[in-house]
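*Asks:*
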């Protein structure tokens, strides 16, 4: 069934979009990720204009994280104080992101920056995850117990000023890295159309030493509000949020996520991480190939002013 | 939407009403559109417009193709469009040169009775903008395109627009129903921009325009599509908050329905 999208101004097959939302939702439920980094490229490759894809996925991420936040809220696994400070940085980063998005679009380098960023971030994080999960699987097979981290272990981040106590996370750290982290993720999320959970979670664990029981709920909570802000900024700035596209993706996504989550309970954590690492690297590689191979068409056009701009 | 069953009343309308309309220009050529409003709704997947007309006082001679020829141009609202060309930079393909075409039609379709080159000489065609090779593609002063490559950009621009179905040239697609009555179908793809369209018909005789008509047609979103688009354009804050509320509600509802713990 074809449905005309009011903002993208093209008709799409509603079942294909619904299926995409469902498939990405399944993976996000399976791996406990937002799935934005999969959904945005999928939409772009299927012919939705990049600007509409990025802006609309920020809205979809709001829905998928809201769904998960409900669960973590009930379990009281959210550090509200930490999330709020991350959020301050996130909203700021998001605002910068929308401004840059506009500038890049007008100079014709938005697609390049999106592709390069995907290659860099997905490549780097995918490789790290792959390395880590292979090591974990090997360790499990050989039966060697992992080295326990010593409590109170510190790194340079813990030496920064403006320290604040986060009771829920049992942390006493400076707000500078917290706001900075929030800003970077908010910025990338807005420009790339991703929630950034797959960057936020490792950063909170390894850099700030937030306990693993709290990290996912806190990360999701901050993503929910950062992406809500990003949606509003996109709606006001780039005017490319397509509500019909977003709704279709959301409904597919939340349903798919339920099946994914059920399946995820039957898989081991390190196996899941290995699969996720391969997936992340695969998406990064796809962008790298596009950048390196001779394009099918060297020319492209962009409407700057007038009807449909 | 245009239904094929609607054509006969239309034909009748042209036959009876047309002479009166034609008097406003001159009595040689009269034309009528199958619809002056194209509505875009959620089920819009493209449509077509039928242009009917009558060339009075001229008897078309089937054996003498130079006696009387027609060209019909449908033009969408103007746009400024940047055409970019990729080049290698540090091993990566990036957009390098750019050319900005100003006030070019967002939609352009031309139909004719014979090859466009045979209608009239180049100057006349350029002047009237009849044919894809004769559209006026004005460029902005600022451009980093070498002069020798300008034609490549022009060609690429027209080719890309043809690929999306927004530009088209259908030579010999105007059919004569009788010796003086003609019709043609112009397809309007799903991605047509909204706005005011102009339908210009030209009657040629011996390489000169002897008569022409111009009509307007509106392409507009209606209903839900229109409300959504207007909201997004004029009340972006409300639209953004609405999008976020819908997303939070959907997510919350799913979290409650599929409660796992």
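Protein chains in written order, with the numbering used here: chain A, 4 to 312; chain B, 72 to 332. For every residue, glycine included, the Cβ atom is placed at its ideal position computed from N, Cα and C. All of these numbers come straight from a predicted model, not from anything done at the bench.
From this set, B:240, B:208, B:229, B:189, which residue's C-alpha is nearest residue 202 of chain B's C-alpha?
*Replies:* For this step, residue 202 of chain B is matched to residue 131 along the second chain. The shortest C-alpha separation from residue 202 of chain B is found at B:240.
*Asks:* Please list, in chain order, the residues of the stretch 248-271 of chain A that have any C-beta partner in chain B closer than 9 Å.
*Replies:* Cβ contacts with chain B come from 249, 250, 253, 254, 256, 257, 258, 260, 261, 264, 265.
*Asks:* For residue 333 of chain B, go through chain A and note every residue whose CB falls closer than 8 Å to its CB, in chain order.
*Replies:* A query on residue 333 of chain B cannot be resolved here, the shown segment of chain B reaching from 72 to 332 and no further.
*Asks:* Could you check whether the stretch 230-243 of chain A touches the stretch 76-86 of chain A, counting it as contact only if at least three pairs of C-beta atoms, one from each stretch, sit closer than 8 Å?
*Replies:* They do not touch, by the three-pair rule.
*Asks:* Quick one: measure Cβ to Cβ for residue 296 of chain B and residue 7 of chain A, integer angstroms, because I've assumed they're closer than 8 Å.
*Replies:* Counting from one through the second chain, the residue named residue 296 of chain B turns up at place 225. Counting from one through the first chain, the residue named residue 7 of chain A turns up at place 4. Their Cβ separation, rounded to whole angstroms, is 6 Å, which keeps residue 296 of chain B and residue 7 of chain A in contact under 8 Å.
*Asks:* Going by CA-CA distance only, name the one from B:189, B:247, B:233, B:276 that's closest to residue 18 of chain B.
*Replies:* Here chain B covers residues 72 to 332 and nothing more, so residue 18 of chain B does not appear.
*Asks:* Against chain A, with Cβ distances strictly below 8 Å, would residue 292 of chain B count as a contact?
*Replies:* Along the second chain, read from residue 1 onward, the residue named residue 292 of chain B stands at position 221. Closer than 8 Å: yes.
*Asks:* With residue 38 of chain A and residue 56 of chain A assumed to form a contact (beta carbons below 8 Å), what rounded beta-carbon distance in angstroms separates them?
*Replies:* Mapped onto the first chain, residue 38 of chain A falls at position 35. Mapped onto the first chain, residue 56 of chain A falls at position 53. At roughly 13 Å, the Cβ-Cβ gap does not stay under 8 Å, so residue 38 of chain A and residue 56 of chain A are not in contact.
*Asks:* Show which residues of chain B have a CB atom less than 9 Å away from the CB atom of residue 112 of chain A.
*Replies:* Position 109 of the first chain holds residue 112 of chain A. Residues of chain B passing the Cβ test: 165, 166.
*Asks:* Could you compute how far the alpha carbon of residue 216 of chain B sits from the alpha carbon of residue 123 of chain B?
*Replies:* Position 145 of the second chain holds residue 216 of chain B. Position 52 of the second chain holds residue 123 of chain B. Each residue's Cα considered, the two are about 43 Å apart.
*Asks:* May I ask which residues mark the beginning and end of the alpha helix (DSSP H) holding residue 20 of chain B?
*Replies:* The structure shown does not extend to residue 20 of chain B, since chain B is modelled only from 72 through 332, so no value can be given for it.
*Asks:* If contact means a Cβ-Cβ distance below 8 Å, which residues of the stretch 246-275 of chain B contact chain A?
*Replies:* If the cut-off is 8 Å between Cβ atoms, the stretch 246-275 of chain B has 261, 262, 264, 265, 266 near chain A.
*Asks:* Quick check on this structure: which residue in A:293, A:227, A:247 has the alpha carbon closest to the alpha carbon of residue 73 of chain A?
*Replies:* In the first chain, the residue the question calls residue 73 of chain A occupies position 70. The option with the nearest alpha carbon to residue 73 of chain A is A:227.
*Asks:* Using the Cα positions of residue 97 of chain B and residue 274 of chain B, report the straight-line distance between them to the nearest angstrom.
*Replies:* One-based indexing of the second chain puts residue 97 of chain B at position 26. One-based indexing of the second chain puts residue 274 of chain B at position 203. Caution is warranted here: a pLDDT of 49 is assigned to residue 97 of chain B, below 50, making its placement in the model unreliable, and no coordinate value can be reported.
*Asks:* Taking the alpha carbon of residue 263 of chain A as the reference point, which residue from A:26, A:14, A:9 has its own alpha carbon closest?
*Replies:* For the purposes of this step, residue 263 of chain A is taken as residue 260 along the first chain, with counting starting at 1. Of the listed residues, the one whose Cα sits closest to residue 263 of chain A is A:26.
*Asks:* Suppose contacts are defined by Cβ-Cβ distances below 8 Å. Is residue 143 of chain B in contact with residue 251 of chain B by that definition?
*Replies:* Taking the first residue of the second chain as 1, we reach residue 143 of chain B at position 72. Taking the first residue of the second chain as 1, we reach residue 251 of chain B at position 180. No, the pair does not count as a contact, with Cβ atoms beyond the cut-off.
*Asks:* Does the stretch 164-181 of chain B come close enough to the stretch 298-314 of chain B to have 3 or more Cβ pairs within less than 8 Å?
*Replies:* Too few Cβ pairs lie closer than 8 Å, so no.
*Asks:* Quick check: is the beta carbon of residue 112 of chain B nearer than 8 Å to any beta carbon in chain A?
*Replies:* As a first step, residue 112 of chain B is located in the second chain; it is residue number 41 there, counting from the start. Chain A contact via Cβ: present.
*Asks:* If the cut is a Cβ gap below 7 Å, which residues of chain A does residue 312 of chain B touch?
*Replies:* Your numbering for residue 312 of chain B matches position 241 in the second chain. Within chain A, the residues near residue 312 of chain B are 235.
*Asks:* Would the beta-carbon of residue 190 of chain A fall within 8 Å of that of residue 267 of chain A?
*Replies:* Here the question's residue 190 of chain A lines up with position 187 in the first chain. Here the question's residue 267 of chain A lines up with position 264 in the first chain. Cβ atoms of residue 190 of chain A and residue 267 of chain A: not closer than 8 Å.
*Asks:* Verify the CB distance criterion: does residue 242 of chain A have a CB-CB separation below 8 Å to chain B?
*Replies:* Translated into positions along the first chain, residue 242 of chain A becomes position 239. Taking Cβ atoms only, chain B reaches closer than 8 Å to residue 242 of chain A, which makes this a yes.
*Asks:* Please state if the CB of residue 29 of chain A and the CB of residue 260 of chain A are separated by a distance shorter than 8 Å.
*Replies:* For the purposes of this step, residue 260 of chain A is identified with residue 257 of the first chain, where counting begins at 1. For the purposes of this step, residue 29 of chain A is identified with residue 26 of the first chain, where counting begins at 1. Going by C-beta atoms, residue 260 of chain A is nearer than 8 Å to residue 29 of chain A.
*Asks:* Tell me residue 280 of chain B's beta-bridge partners as DSSP assigns them.
*Replies:* Within the second chain, numbered from 1, the residue matching residue 280 of chain B stands at position 209. Looking at the DSSP assignment, residue 280 of chain B forms a beta bridge with B:275.
*Asks:* Give me the chain B residues within the contact set of residue 68 of chain A, using Cβ-Cβ distance strictly less than 8 Å, ordered along the chain.
*Replies:* Indexing the first chain from 1 puts residue 68 of chain A at position 65. Residues of chain B passing the Cβ test: 322.
*Asks:* Determine the chain B residues that contact residue 7 of chain A at a beta-carbon separation under 8 Å, and present them in chain order.
*Replies:* Here residue 7 of chain A refers to the residue found at position 4 of the first chain. Per Cβ cutoff of 8 Å: 111, 112, 113, 114, 115, 116, 261, 296.
*Asks:* Mind checking residue 166 of chain B: buried by the 16 CB within 10 Å criterion, or exposed?
*Replies:* The residue given as residue 166 of chain B occupies position 95 in the second chain. Counting Cβ neighbours within 10 Å, residue 166 of chain B comes out buried, since at least 16 surround it.
*Asks:* What would DSSP say about residue 176 of chain A, mapped onto helix, strand or coil?
*Replies:* Locating residue 176 of chain A in the first chain gives position 173, where the first residue counts as 1. Of the three classes helix, strand and coil, the one that applies to residue 176 of chain A here is strand, per DSSP.
*Asks:* Under the assumption that residue 195 of chain B contacts residue 140 of chain B (Cβ atoms under 8 Å), give the Cβ distance between them as a whole number of angstroms.
*Replies:* Here residue 195 of chain B is taken as the residue at index 124 of the second chain, counted from 1. Here residue 140 of chain B is taken as the residue at index 69 of the second chain, counted from 1. So it is not a contact: roughly 12 Å between Cβ atoms.
*Asks:* Determine the extent of the beta strand (DSSP E) in which residue 252 of chain B is found, giving its start and end residues.
*Replies:* Working through the second chain from its first residue, we reach residue 252 of chain B at position 181. Start and end: 252-259.
*Asks:* At what residues does the beta strand (DSSP E) containing residue 160 of chain B begin and finish?
*Replies:* Here residue 160 of chain B corresponds to residue number 89 of the second chain, with the count starting at 1. Taken as a continuous stretch (DSSP letters only), the beta strand (DSSP E) holding residue 160 of chain B covers 149-160.
*Asks:* So which residues of chain A does residue 319 of chain B contact, with C-beta pairs closer than 9 Å?
*Replies:* Against the second chain, residue 319 of chain B aligns to sequence position 248. Result: 65, 66, 69, 227, 231.
*Asks:* How is the beta strand (DSSP E) around residue 145 of chain B delimited, first residue to last?
*Replies:* To locate residue 145 of chain B, count along the second chain from 1; it is residue 74. Note, residue 145 of chain B: beta strand (DSSP E), 140-146.
*Asks:* Quick check on the DSSP output: the alpha helix (DSSP H) that includes residue 144 of chain A runs from which residue to which?
*Replies:* The count along the first chain starts at 1 and reaches residue 144 of chain A at position 141. Run containing residue 144 of chain A: 113-145, per the alpha helix (DSSP H) assignment.
*Asks:* Going along chain B, which residues have a C-beta under 7 Å from residue 51 of chain A?
*Replies:* Here the question's residue 51 of chain A lines up with position 48 in the first chain. The premise fails here: residue 51 of chain A is roughly 12 Å from chain B at the closest Cβ pair, so nothing lies under 7 Å.
*Asks:* Please give the ranges of any beta strand (DSSP E) in the stretch 188-245 of chain B, keeping only runs that are unbroken, at least 3 residues long and fully inside the region.
*Replies:* Counting whole runs of 3 or more residues, the stretch 188-245 of chain B contains the beta strand (DSSP E) stretches 238-241.
*Asks:* Find the residues of chain B that neighbour residue 239 of chain A, judging by a C-beta separation of less than 8 Å, and give them in chain order.
*Replies:* Reading the first chain from its first residue, position 236 is the one you call residue 239 of chain A. Those are 307, 308, 311, listed as they occur along chain B.
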